[in-house]
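Novice:
Protein chains: 4
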Amino acid sequence: MLNVGIIGASGYAGEELIDILLSHPQARINYLAAKIDMSQPITKIFPRFKERTALICNNEIDLKEVCTKCDLVFLALPHTVSMEFAPKLLAAGKKVIDLSADYRLKDVSLYEKFYGVKHKDKARIKEAIYGLPEIYRNRIKPAKLIANPGCYPTVSLLALAPLLAFNLIEPESIIIDAKSGTTGAGRKAALEFFFSEINEDLRAYKVNAHQHMPEINQELSFLAGKKIAVTFVPHLLPVNRGILATIYAKKSNKVPPKIGETSPAKLAGTKSQSHKLLDIYKKFYKDELFVRVKEEKEFPNLKDVRGTNFCDIGIHDDKDKIIVIACIDNLLKGASGQAVQNMNIMYNFPEYTALL
Amino acid sequence: MLNVGIIGASGYAGEELIDILLSHPQARINYLAAKIDMSQPITKIFPRFKERTALICNNEIDLKEVCTKCDLVFLALPHTVSMEFAPKLLAAGKKVIDLSADYRLKDVSLYEKFYGVKHKDKARIKEAIYGLPEIYRNRIKPAKLIANPGCYPTVSLLALAPLLAFNLIEPESIIIDAKSGTTGAGRKAALEFFFSEINEDLRAYKVNAHQHMPEINQELSFLAGKKIAVTFVPHLLPVNRGILATIYAKKSNKVPPKIGETSPAKLAGTKSQSHKLLDIYKKFYKDELFVRVKEEKEFPNLKDVRGTNFCDIGIHDDKDKIIVIACIDNLLKGASGQAVQNMNIMYNFPEYTALL
Amino acid sequence: MLNVGIIGASGYAGEELIDILLSHPQARINYLAAKIDMSQPITKIFPRFKERTALICNNEIDLKEVCTKCDLVFLALPHTVSMEFAPKLLAAGKKVIDLSADYRLKDVSLYEKFYGVKHKDKARIKEAIYGLPEIYRNRIKPAKLIANPGCYPTVSLLALAPLLAFNLIEPESIIIDAKSGTTGAGRKAALEFFFSEINEDLRAYKVNAHQHMPEINQELSFLAGKKIAVTFVPHLLPVNRGILATIYAKKSNKVPPKIGETSPAKLAGTKSQSHKLLDIYKKFYKDELFVRVKEEKEFPNLKDVRGTNFCDIGIHDDKDKIIVIACIDNLLKGASGQAVQNMNIMYNFPEYTALL
Amino acid sequence: MLNVGIIGASGYAGEELIDILLSHPQARINYLAAKIDMSQPITKIFPRFKERTALICNNEIDLKEVCTKCDLVFLALPHTVSMEFAPKLLAAGKKVIDLSADYRLKDVSLYEKFYGVKHKDKARIKEAIYGLPEIYRNRIKPAKLIANPGCYPTVSLLALAPLLAFNLIEPESIIIDAKSGTTGAGRKAALEFFFSEINEDLRAYKVNAHQHMPEINQELSFLAGKKIAVTFVPHLLPVNRGILATIYAKKSNKVPPKIGETSPAKLAGTKSQSHKLLDIYKKFYKDELFVRVKEEKEFPNLKDVRGTNFCDIGIHDDKDKIIVIACIDNLLKGASGQAVQNMNIMYNFPEYTALL
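Protein sequences appear in the order of chains R, Y, A and F.
Going by the working numbering, the first sequence opens with residue 1, and the numbers climb by one from there.
Going by the working numbering, the second sequence opens with residue 1001, and the numbers climb by one from there.
Going by the working numbering, the third sequence opens with residue 2001, and the numbers climb by one from there.
Going by the working numbering, the fourth sequence opens with residue 3001, and the numbers climb by one from there.
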């Protein structure tokens, strides 16, 4: 039985972690902490867990206690707070899955620009493994510190990876028009998130200036083997959870290079490239349980992924452009579900445990 | 042209007052103030008013300026703040319509108990006229200080007035199960009103302890001529605006007394009392434009009153009980619409001006 | 491994049954049918189940196939359709859990009045066991035919059972003001359920005329040992799922009779009756996993039961009245969750299997 | 006083027309008809209009009656139905504002392809004036037959007109990612629009295949003076009303040509083109009351245009791309508001009458 702790248990990501881990047959939550006034049963904060757990959520973090009780710690903390705890936990030999952005960006100057603070643990950034299993599974397995991906990056990267892997689009043409439910903003008191301000509304925000943009650019650049800068416009939806990204890119006219042992030509056989997009996606993700590729002329919608760890992807071939529409539950595949998926990989549990 | 000012212009009630008064042919908004960081065009706070007004909203209240510019001032302030401004405005000869609760409760001890502060202007409480036109129109006309009714009281009183006027129910049996949209809570940053906390949820709150309960009791007692204490359970709905109250009361078996020149017998002719409820309501409200009585087996719903100053009422005769279902837009008939209705009465404008 | 079938798999209750049963370690869905144009993978109807099941949903019901493949059949059919299938399945020795109302009402004349059709299987009505485990667990265990309770009755009965069991209220005073999400209406094309007609709206419907009222009356009468007729006003909420019932009743002044070996006096010790309501509820439900009694001044809300099989109950002692507020997920404890709970009881699986 | 009729009064566009026209001081609704079972007061269909009108809505259209009673007729009918009525009304000397698509597309083959029917009144297509006042005001004034623009085209054209007029973008690069509330689909019984199917969901639909796409292409081509084919992906939002379009286009590097007496150089003075986008928009729309251009880094949102006839536009200069975000109320500026704006122009009423 793996003993885990959750620091930052009172937010939306923390809530989902608790929900998943209470159903996990090989893991046991052994420690909870959050920025709250006083220690209390977690069911005071989330009454929905009553009858499922009697765990206490601590208001102060006793690192010795954490280290005694846990083998693995989830940090579901705001950005800039995780980097205070991660080094100490790692030094004590614990494994850490960090749901914040603190260890995601390899270029510390981008982190400092987009998050507005000095990084306090620069040395460890390059050791952190970006926890997107569909791309980095092999590196996740032995990792000590997982930088769990952001929600927008997760959906964007899964949507674009096959196109970049096979060089099917012009990388500089990528436009990501993303729409997210409000839990993506975290659980906080703010007038702009007052029910009546969000309900019956839709707005774009941080137009081409969102902090997830450099994360998307970094990972797409790794995939493409060259520097990519996307156009990224997030919108705030009047729904609780879910992200849908509608992505536009210009087709490339280059010959797709071989990647590993596979090439798109092989994948797609003799059929014309334009009709073979779906096949390429299906083969690219054929061993990935949590990515579901839709059939032709079918497109994903939020309700089919809500409450699941799936990423659904639909593809439309539009003359000189490719349109990819993808969606996830921002709190699951976009945060806590993916964090547990990473845990399952690290500890050799079946990857889908507690996630189906 | 009547010159009016609005103090507390940045809240939901203030926003609606601006919206209504910008369309009022006989009134002109001449002053706006709110608790904001710096003076700014009101369109910075409410961009929806762009192209309709260039008014500046002040961050500090210059009473001299208010008094120079305005004949009538609307106080759309939080409870306990109005009573600081009303006395000074009245002393300067201005008329005041106060949308807060500060002058509604005649029994100051109830005010102090339910609002948790000492009252600072007790003397003026008894001069204030409770601004429910359908009941107090004649007193509103010459009034200097209007205590504009609360949203729950408005819908409850209009729903119950005919029954109490004609002594048709046992007053101690009244149960008001009310459901309100979130704007009723005011416009404020609070975790409990975060979109994802309210959306897809319903909850009862302040069960039989809401501050509007003594106001309902006071006014019902006036109507009944004896002390009444209702059971009152408000619920928070995941909608922006609107209140629907479902009200239950036991039928009285007393002979209805004459009221003025009318008696239920006269009203209802020879038909049996139980079948004549609708007729009683229709006659009670026959001169009231803003009260609409539904036909038999029809019941009101929020969307038909949303954005209007109407109160819709449906009645069901249930053996020994009467069920009354009534609804209003909490920001209009329950606040700003009624405030303008009161203004129209005070200044002899047609009562519906800017309200249809 | 228990083999089960679901007839009526394309509705909301069917969808939830599939979701639960796919996670059930001791049961396997072996047959699906629904009123659809042609047989097709269930994932065509509910794409959310992709990668979880490859089951085909049949468009015609082949009873021989059902009986070969299944030990137990869930009928998630519209009212009046179940009674065509149940007799044949039972005759073939299969067990049946019927989610419709066809076998709930013992008084067939009430069924025929409220559902508007002749009953075709009257003889079997009295054999059917009303599947509310908290009340009828012992009868459910050996049952062949379960009449799975309606959503409004489930929440109402669980809320009122302790009060009636201990004779704490005047039965004729019960008022149930219930609010339900739209999935309660079933999954169907109807203008009145068009998104824009429901969203931002609230309405009462079937005021004291809802078909669940005789079901509530029947079961409350059994509990009270005398004929009860409640006042019941359902409302349609702009949420997908969940029912919250606010229930009002007058306190009884009778001495509570002994029930089994327990009496309220024993339960509540020496404290005054009025303060002991919570204790009575807690003891009444102390062995019931799926009923959670809130602490004093705490009340349940939809989001804490959404997606769960719990019924949350809060109690308020209001002088001469008792107010009980209870809620459930209408599709789980109010339909499919309770159906699986019944199955678990019938087959000696731990009662919570696949339900936590 | 202008006498107007509305045919198709029972849909969402009809409802809004009634709402606006009841407040119009120079127009009087004199005739209503709709596809309903029997003639009835319009307040039976829309109880919200009670106390505002006693008009009867006819279930059969008596053309003689229409022509006797009305000078102008609004056709708020489904596509393909308008073309049956318009010819007869025009022949009788009446003016017609058609809210359907029947007279919008100049290329009848596109109409027949996208609407799936033969056109029955081809000759009149070229006489119809496309009723977008900001572009075609002079032609609208004397028009007999107005083809009132679709909702998506209205917001898209107003957002793009300045860029095309001044040749600032590469026309073939235009991507329109549009998000619409559900009333855009009309008022109809359909499972896909059942509340629970839309609520908490988001989906793309008719990806690059929506019937409004040829309309957008036609009008953009007129503006650009060359054939344009946009990429157009509409999405269905869980809100009642409003459309927000996020539009992406590549900057042109051509020298902007003179247009009329104005050129962008003149408009923008000596400042660099990229910083002058806002100025260009502001000057392009400086005489247009119903187009509001946001300041730098400000973007429009649905709630600021809901219930109004405004189109709000925000612009972002993104290196080689321009991002334009625009929104309207789909039922007002996108349908009935614009129809009345056209009527006001045709009859020389102040253009904003009944629309502010």
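Beta carbons: idealized from backbone N, C-alpha and C, even for Gly.
In this text the structure is predicted, and so the values were computed from the model without any measurement.
With 8 Å set as the bound, which would you pick, yes or no: does the beta-carbon of L3090 of chain F sit closer than that to a beta-carbon of chain R?
Specialist: Judged by the 8 Å Cβ criterion, L3090 of chain F is not in contact with chain R.
Novice: For chain R, is any of its Cβ atoms less than 8 Å away from the one on A1190 of chain Y?
Specialist: Yes, its Cβ sits closer than 8 Å to a Cβ of chain R.
Novice: Here's the rule: buried if 16 or more other CB atoms are within 10 angstroms of the residue's CB, otherwise exposed. What is K3095 of chain F?
Specialist: So K3095 of chain F counts as buried.
Novice: Could you give the C-beta distance for I2153 of chain A and E2215 of chain A, rounded to a whole number, given that I count them as a contact under 8 Å?
Specialist: Residue 2153 of chain A is actually Pro in this sequence, not Ile. With 8 Å as the limit, P2153 of chain A and E2215 of chain A qualify as a contact, their Cβ atoms being about 5 Å apart.
Novice: For the region 90-116 of chain R, which segments carrying the beta strand (DSSP E) assignment without a break, of at least 3 residues, lie completely within its bounds, in sequence order?
Specialist: Entirely contained in the region 90-116 of chain R, the beta strand (DSSP E) runs reaching 3 residues are, in chain order, 95-98.
Novice: Should Y248 of chain R be flagged as near chain F, meaning a C-beta pair shorter than 8 Å?
Specialist: Yes, its Cβ sits closer than 8 Å to a Cβ of chain F.
Novice: According to the neighbour-count rule (16 or more other Cβ atoms, all chains shown, within 10 Å of its Cβ), is L1386 of chain Y buried or exposed?
Specialist: Summary: the structure shown does not reach residue 1386 of chain Y, with chain Y confined to residues 1001 through 1356, and so no result is reported for it.
Novice: Given a threshold of 16 other Cβ atoms within 10 Å of its Cβ, counted over all protein chains shown, does G2011 of chain A qualify as buried or as exposed?
Specialist: Per the 10 Å Cβ criterion, buried.
Novice: Determine the direct distance from the alpha carbon of P1025 of chain Y to that of L1089 of chain Y, and round the result to whole angstroms.
Specialist: Roughly 24 Å separates the two Cα atoms.
Novice: Report the residues of the region 306-317 of chain R with a CB closer than 9 Å to any CB of chain F, ordered along the chain.
Specialist: The region 306-317 of chain R vs chain F, Cβ under 9 Å: R306, G314, H316.
Novice: I want to verify the contact list: residues of chain Y whose CB lies under 8 Å from the CB of F2299 of chain A, in sequence order.
Specialist: Those within 8 Å of F2299 of chain A in chain Y are R1203, A1204, Y1205, V1207.
Novice: Comparing alpha-carbon positions, which option in F:P3078, F:K3303, F:P3041 lies nearest R3099 of chain F?
Specialist: The sequence shown places Leu at residue 3099 of chain F, not Arg. When each option's Cα is compared against that of L3099 of chain F, the closest is F:P3078.
Novice: Give a yes or no on whether the C-beta atoms belonging to N2342 of chain A and I2125 of chain A are separated by under 8 Å.
Specialist: No, Cβ-Cβ distance for N2342 of chain A and I2125 of chain A is not below 8 Å.
Novice: In chain order, what residues of the region 1286-1297 of chain Y put their CB closer than 7 Å to some CB of chain F?
Specialist: Listed by position, the residues of the region 1286-1297 of chain Y near chain F (Cβ gap below 7 Å) are L1289, R1292.
Novice: With a threshold of 8 Å between beta carbons, is R137 of chain R in contact with chain A?
Specialist: By this cut-off, R137 of chain R is not an interface position.
Novice: If I3129 of chain F sits next to L3145 of chain F, beta carbons under 8 Å apart, how far is it from one beta carbon to the other, in whole angstroms?
Specialist: Indeed they touch by this definition, with Cβ atoms about 7 Å apart.
Novice: Using a cut-off of 7 Å between C-beta atoms, extract the partners of D418 of chain R located in chain A.
Specialist: Here chain R has residues from 1 to 356 only, and residue 418 of chain R is not among them.
Novice: Measure from the alpha carbon of S3196 of chain F to the alpha carbon of each residue in F:G3225, F:P3238, F:L3220, F:A3229, then state which is nearest.
Specialist: Out of F:G3225, F:P3238, F:L3220, F:A3229, F:P3238 has the C-alpha closest to the C-alpha of S3196 of chain F.
Novice: Cβ closer than 8 Å: which chain F residues qualify as neighbours of E2200 of chain A?
Specialist: What E2200 of chain A touches in chain F: N3240.
Novice: Give me the subset of the region 3212-3225 of chain F whose CB atoms are less than 7 Å from a CB atom of chain R, sorted by chain position.
Specialist: The region 3212-3225 of chain F vs chain R, Cβ under 7 Å: nothing.
Novice: To the nearest whole angstrom, what separates the beta carbons of P3300 of chain F and D1304 of chain Y, a pair I think is in contact under 8 Å?
Specialist: Not really, about 29 Å apart at Cβ, beyond 8 Å.
Novice: Judging by CA-CA distance, which residue of Y:D1071, Y:I1036, Y:I1029 is the nearest neighbour of L1055 of chain Y?
Specialist: For the residues Y:D1071, Y:I1036, Y:I1029, the minimum Cα distance to L1055 of chain Y belongs to Y:I1029.
Novice: If we call anything under 8 Å between Cβ atoms a contact, is I1313 of chain Y one with V1340 of chain Y?
Specialist: The answer is no: Cβ separation not under 8 Å.
Novice: With distances taken from CA atoms, which of R:D320, R:V324, R:A123, R:F290 is nearest A296 of chain R?
Specialist: Residue identity differs from the one stated: residue 296 of chain R is Glu in this sequence, not Ala. The shortest C-alpha separation from E296 of chain R is found at R:V324.
Novice: Along chain R, in chain order, which residues have C-beta atoms closer than 9 Å to that of L2356 of chain A?
Specialist: Here the neighbours are L22, S23, E51, R52.
Novice: Helix, strand or coil: how does DSSP classify Q26 of chain R here?
Specialist: In the structure shown, Q26 of chain R sits in coil (DSSP, three-state: anything other than H, G, I, E or B).
Novice: Would you please verify whether the beta carbon of C1231 of chain Y is less than 8 Å from any beta carbon of chain A?
Specialist: The question names Cys, yet the displayed sequence has Thr at residue 1231 of chain Y. Closer than 8 Å to some Cβ of chain A, the Cβ of T1231 of chain Y qualifies, so yes.
Novice: Measure the alpha-carbon distance for C2311 of chain A versus E2288 of chain A and round it to whole angstroms.
Specialist: Roughly 10 Å between the two C-alpha positions.
Novice: At the level of alpha carbons, what is the spacing between D3019 of chain F and K1069 of chain Y?
Specialist: So the two alpha carbons sit approximately 35 Å from each other.
Novice: Spatial neighbours of K258 of chain R within its chain, please: CB distance less than 7 Å, with the 5 preceding and 5 following residues excluded, ordered by chain position.
Specialist: Note on K258 of chain R: pLDDT 43, under 50, position unreliable in the model; the coordinate value appears next. Closer than 7 Å at the Cβ level, and outside the excluded window around K258 of chain R, lies no residue.
Novice: Should A3330 of chain F and I3243 of chain F be called a contact, given that it needs their Cβ atoms to be closer than 8 Å?
Specialist: Sequence check: residue 3330 of chain F is Asn here, not Ala. Yes. Within cutoff.
Novice: Quick one: what's got a C-beta closer than 6 Å to E1016 of chain Y's C-beta in the same chain, skipping five residues either side?
Specialist: Taken in chain order, the residues that qualify are L1331, S1336.
Novice: What number of angstroms, rounded off, separates the C-alpha of F232 of chain R from the C-alpha of S3156 of chain F?
Specialist: Taking the straight line from one Cα to the other gives about 20 Å.
Novice: Within 8 Å of any Cβ in chain R, is that where the Cβ of T1183 of chain Y sits?
Specialist: Judged by the 8 Å Cβ criterion, T1183 of chain Y is in contact with chain R.
Novice: Could you give the first and the last residue of the continuous alpha helix (DSSP H) run that contains P3162 of chain F?
Specialist: Note, P3162 of chain F: alpha helix (DSSP H), 3151-3165.
Novice: If the cut is a Cβ gap below 7 Å, which residues of chain A does S3196 of chain F touch?
Specialist: Within chain A, the residues near S3196 of chain F are T2182, T2183, N2240.
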